[in-house]
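Taking the working numbering, the leading residue of the sequence shown gets 261, the next gets one more, and so forth. Working notes for the structure below.
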Amino acid sequence: MKRIALLAALVTLASCSSKGPDDGSLGNEQAQDMFKEAMSQPPVPQSVLRNGDRLSFMLLQPKTDTSPFGFLLQVEAACSSPSASLIYLDGVKRIYFASPDGKYAPARPIPAAQVAALNANPAFQRACAATPQPDWRVLLGKGDEQWVLIDRNSLATVEGQLQFWAAYDSPTIGHDQPHNAPYAQKRERYALDCAKQTFSLLAGYDLDEHNTVTDGGVFFEPKTYNVKDSDPDYRRVFDAACGKPEGLAGLPAFRPRSKAPLVLATPRVQAPALSAVKQLNMPKPAKVLKRVVETGTAHLKGQSAPFTEEKSFSQDKASGLLSVRTKGSNFEGQAVSFRGLVALAQQTVYSGEAPMVDNVGLNAIAFSGDWKNMPVGAQLGYVTDGKMSNSVVGEYGKPRQAFDCRVEQQLPATQVNGRLSGQAKKLRCAHLEDNLKRVETLYYLEDYGYFFRAGVDPNAFFHEERVLKEVE
261 MKRIALLAAL VTLASCSSKG PDDGSLGNEQ AQDMFKEAMS QPPVPQSVLR
311 NGDRLSFMLL QPKTDTSPFG FLLQVEAACS SPSASLIYLD GVKRIYFASP
361 DGKYAPARPI PAAQVAALNA NPAFQRACAA TPQPDWRVLL GKGDEQWVLI
411 DRNSLATVEG QLQFWAAYDS PTIGHDQPHN APYAQKRERY ALDCAKQTFS
461 LLAGYDLDEH NTVTDGGVFF EPKTYNVKDS DPDYRRVFDA ACGKPEGLAG
511 LPAFRPRSKA PLVLATPRVQ APALSAVKQL NMPKPAKVLK RVVETGTAHL
561 KGQSAPFTEE KSFSQDKASG LLSVRTKGSN FEGQAVSFRG LVALAQQTVY
611 SGEAPMVDNV GLNAIAFSGD WKNMPVGAQL GYVTDGKMSN SVVGEYGKPR
661 QAFDCRVEQQ LPATQVNGRL SGQAKKLRCA HLEDNLKRVE TLYYLEDYGY
711 FFRAGVDPNA FFHEERVLKE VE
């Protein structure tokens, strides 16, 4: 149990971007020493992958006086700036940060002190200098097929064998078991004897659509196989690697392609919440929205940034309600929604500098006022009871949320977007019992049965304004 606790402490330490764990918790001081020693280890050569300025690699920490057991760290780090992330740790079991059951969770930044130790590591510096930028070429595949790729710049003779990286680029984003890790591409490193026509698999990794490793590892005792007994894709890769260099140079360069959407697990809508929505007996929309693009500016603590969000709509088969797929620059979300006003069940996956998974599920919702007709001047309200949870902070927010809305005016929907038809009702909704006293502006697009959120009024922490730029 102590070994598992130390592994957990290592992950917590490595993923705490502002400070380490409190000194009193189990194994923290020892975990700090172990992690610092691990950062001084050389990257395992077979594991090193390059993407721009960033290297992905494995660090092998042996059993030492500092570390009572050996373990592996999968790390991604920038070569020219102090930035690194811990992807996962392998010891007695696989550990992803903030994952209670060993399932995949996004990588987390490593604190500055540990990054400094890595940047001072001569072996890491040499790996940055010696690993060339990849030159991926397409060997096989077109359209929506799997593409077979080879990295020309990774070809090198090591101990009489040709070593290199190949990749298998998927048209969709899949998930590998047992960790449910997402992958858009699989990369494998081989040692190939062209004369004997034998090969060994040295390493294999899953990468997401951002070229970040999500799963995989190094084969420290690789087996040797005959090329003639391998599958056709392998034989094509090995024939190309053993051929003349100009043959690879003539292949088309790989250009990353759009992937089918990430499959998100939307929590099931609870029966009381679904029943409350259906009891409103809202009129069926005359038209159907397929897709919208919203643009705007978000203001957070005095800092402003533009944003764009794309939303795609369909009908949720289980509930019959609106299914909303949202994609932004650093997140993707899937929700079952009451006409865009409130999500009854939702999952959002954030990437970028603060990767995390956010889940929302309502146990119940209660409406007040004439939501069916929404006459101008009407006072409307709704109260939700549910749970919000985050892969980093756990459960958060108040289970009960209350909103008070007033229908302020009716106007042509063309004033929201010129391609819309029918009327729009402008609502102002206040978040009751909220320390920030947030107030939102919404437009209910009657022909489409959809609430468009146009912004949040300025407050002490955050506000935003949005426009409906594109409508389909």
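A virtual CB, placed ideally from N, CA and C, is assigned to each residue, including glycine. What you are looking at is a predicted structure, and each value in this text was computed from that prediction instead of being measured.
Counting pairs of beta carbons, one from the region 710 to 720 and one from the region 534 to 541, are three or more of them closer than 8 Å?
Too few Cβ pairs lie closer than 8 Å, so no.
Taking the alpha carbon of Q445 as the reference point, which residue from M294, D436, D453 and Y485 has its own alpha carbon closest?
Indexing the sequence shown from 1 puts residue 445 at position 185. Comparing Cα positions, the closest option is D436.
With 16 as the cutoff for other CB atoms within 10 Å, does V636 come out buried or exposed?
Mapped onto the sequence shown, residue 636 falls at position 376. Under this definition V636 is an exposed residue.
Which class does E732 belong to by DSSP, given the choice of helix, strand or coil?
Mapped onto the sequence shown, residue 732 falls at position 472. Reduced to three states, the DSSP call for E732 is coil.
P281 (DSSP reduced to helix, strand or coil)
The residue given as residue 281 occupies position 21 in the sequence shown. Confidence is the limiting factor: at P281 the pLDDT is only 31, short of 50, which leaves the residue's position unreliable, though a coordinate-based value still follows. In the structure shown, P281 sits in coil (DSSP, three-state: anything other than H, G, I, E or B).
Using DSSP with H/G/I as helix, E/B as strand and the rest coil, what is C689?
Here residue 689 refers to the residue found at position 429 when the sequence shown is read from its first residue. Reduced to three states, the DSSP call for C689 is strand.
Quick test of the definition: if touching needs 3 or more C-beta pairs under 8 Å, does the region 507 to 521 touch the region 665 to 685?
no
R368 - DSSP class collapsed to helix/strand/coil:
The residue given as residue 368 occupies position 108 in the sequence shown. If DSSP states are grouped into helix, strand and coil, R368 belongs with the strands.
Quick one, are the C-beta atoms of P545 and Y704 less than 7 Å apart?
Within the sequence shown, residue 545 is the residue found at index 285, counting from 1. Within the sequence shown, residue 704 is the residue found at index 444, counting from 1. Taking 7 Å as the Cβ cut-off, P545 and Y704 do not qualify as a contacting pair.
From V553 to L349, what distance separates their C-alpha atoms?
Start at 1 with the first residue of the sequence shown, and residue 553 comes out as number 293. Start at 1 with the first residue of the sequence shown, and residue 349 comes out as number 89. Spanning the two alpha carbons is a distance of roughly 39 Å.
Are three or more beta carbon pairs between the region 470 to 481 and the region 496 to 504 nearer than 8 Å?
Three or more beta-carbon pairs separated by less than 8 Å are not found between the region 470 to 481 and the region 496 to 504, which leaves the two stretches without contact.
Length of the line joining the Cα atoms of R726 and D325:
In the sequence shown, the residue the question calls residue 726 occupies position 466. In the sequence shown, the residue the question calls residue 325 occupies position 65. Going from the Cα of R726 to the Cα of D325 covers about 58 Å.
Could you name the residues that DSSP lists as bridge partners for L339?
As a first step, residue 339 must be located in the sequence shown, where it is residue number 79. It should be pointed out that residue 339 corresponds to Cys in this sequence rather than to Leu. Beta-bridge pairing links C339 to no other residue.
May I have the straight-line CA-CA distance separating F424 from A463, to the nearest angstrom?
As a position in the sequence shown, residue 424 is number 164, starting the count at 1. As a position in the sequence shown, residue 463 is number 203, starting the count at 1. So the two alpha carbons sit approximately 10 Å from each other.
Check the DSSP bridge columns for T417 and list the partner residues they point to.
Locating residue 417 in the sequence shown gives position 157, where the first residue counts as 1. According to DSSP, which records beta bridges pairwise, T417 is partnered with L422.
With a threshold of 7 Å on Cβ separation, who are the neighbours of L461 within its own chain once the five nearest residues in sequence on each side are excluded?
Working through the sequence shown from its first residue, we reach residue 461 at position 201. Hits under 7 Å: E448, Y450, F479 and P482.
Helix, strand or coil for N623 per DSSP?
Here residue 623 refers to the residue found at position 363 when the sequence shown is read from its first residue. Per DSSP, reduced to three states, the secondary structure at N623 is strand.
Shortest alpha-carbon distance to C388 belongs to which of A416, G351, P303 and I625?
Taking the first residue of the sequence shown as position 1, residue 388 is located at position 128. Among A416, G351, P303 and I625, the Cα nearest to that of C388 belongs to P303.
Classify M294 as helix, strand or coil using the three-state DSSP reduction.
Within the sequence shown, residue 294 is the residue found at index 34, counting from 1. Three-state result, M294: helix.
Going straight from the alpha carbon of S628 to that of A662, what length do you get?
Position 368 of the sequence shown, counted from the first residue, corresponds to residue 628. Position 402 of the sequence shown, counted from the first residue, corresponds to residue 662. Rounded to whole angstroms, S628 to A662 spans 11 Å at the Cα level.
Nearest CA to the CA of V548: which residue from N695, L582 and A558?
Reading the sequence shown from its first residue, position 288 is the one you call residue 548. Cα-wise, what sits closest to V548 is L582.
Cβ neighbours of W396 in the same chain (closer than 6 Å, five flanking residues each side left out):
Position 136 of the sequence shown, counted from the first residue, corresponds to residue 396. Hits under 6 Å: L409, D411 and F514.
What do you reckon, are the CB atoms on L333 and L319 nearer than 7 Å?
The residue you call residue 333 lines up with position 73 of the sequence shown. The residue you call residue 319 lines up with position 59 of the sequence shown. Going by C-beta atoms, L333 is nearer than 7 Å to L319.
For T644, count neighbouring C-beta atoms within 10 Å of its own C-beta (all shown protein chains included) and say buried if the count is 16 or more, exposed if not.
The residue labelled residue 644 in the question sits at position 384 within the sequence shown. With 16 or more Cβ atoms within 10 Å of its Cβ, T644 is classed as buried.
Of the residues P672, C502, I433 and P566, which one's Cα is nearest the Cα of T458?
If you number the sequence shown from 1, residue 458 lands on position 198. When each option's Cα is compared against that of T458, the closest is C502.
Taking 7 Å as the limit between beta carbons, can you name the residues of its chain near G284, skipping five residues before and five after?
Reading the sequence shown from its first residue, position 24 is the one you call residue 284. Below a pLDDT of 50, predicted positions are generally treated as unreliable, and G284, at 30, falls in that range; no measurement from the model is reported.
Pick from G654, P516 and S574: whose alpha carbon is nearest that of A431?
Here residue 431 corresponds to residue number 171 of the sequence shown, with the count starting at 1. Residue identity check: residue 431 is Pro in the sequence provided, not Ala. That would be P516, whose Cα lies nearest to the Cα of P431.
Select from P369, M294, R698 and Q421 the residue whose C-alpha is nearest the C-alpha of C454.
The residue you call residue 454 lines up with position 194 of the sequence shown. C454 has its Cα closest to that of Q421, out of P369, M294, R698 and Q421.
According to DSSP, is F722 helix, strand or coil?
Start at 1 with the first residue of the sequence shown, and residue 722 comes out as number 462. Three-state result, F722: strand.
Through-space distance from G362 to A509, alpha-carbon basis:
Within the sequence shown, the letter at position 249 stands for residue 509. Within the sequence shown, the letter at position 102 stands for residue 362. Using only the alpha carbons, I get a separation of about 42 Å.
Same chain, Cβ closer than 8 Å to V617, neighbours up to 5 away in sequence not counted
Taking the first residue of the sequence shown as 1, we reach residue 617 at position 357. Cβ within range, chain order: A365, P366, Q607, T608, V609, Y610, N650 and S651.
Sorted by chain position, which residues of the same chain lie with C-beta nearer than 7 Å to S579's C-beta, five sequence neighbours on each side aside?
In the sequence shown, residue 579 corresponds to position 319, counting from 1. If we look at S579 and ignore the five residues flanking it on each side, its Cβ neighbours are V529, L534 and V596.
When you compare each of H439, V418, E419 and D404 to D429 by their alpha carbons, which one comes out closest?
Taking the first residue of the sequence shown as 1, we reach residue 429 at position 169. Cα-wise, what sits closest to D429 is D404.
Who are the near neighbours of G401 in its chain, counting only those whose CB is closer than 8 Å to its CB and skipping five residues on each side?
Within the sequence shown, residue 401 is the residue found at index 141, counting from 1. Cβ within range, chain order: W407, V408 and D429.
Is G562 buried or exposed, if buried means 16 or more other CB atoms sit within 10 Å of its CB?
Translated into the one-based positions of the sequence shown, residue 562 becomes position 302. It is exposed - the Cβ of G562 has fewer than 16 other Cβ atoms within 10 Å.
Do R368 and F357 count as a contact pair if the criterion is CB distance below 7 Å?
Locating residue 357 in the sequence shown gives position 97, counting from the first residue. Locating residue 368 in the sequence shown gives position 108, counting from the first residue. In contact: F357 and R368 (Cβ atoms closer than 7 Å).
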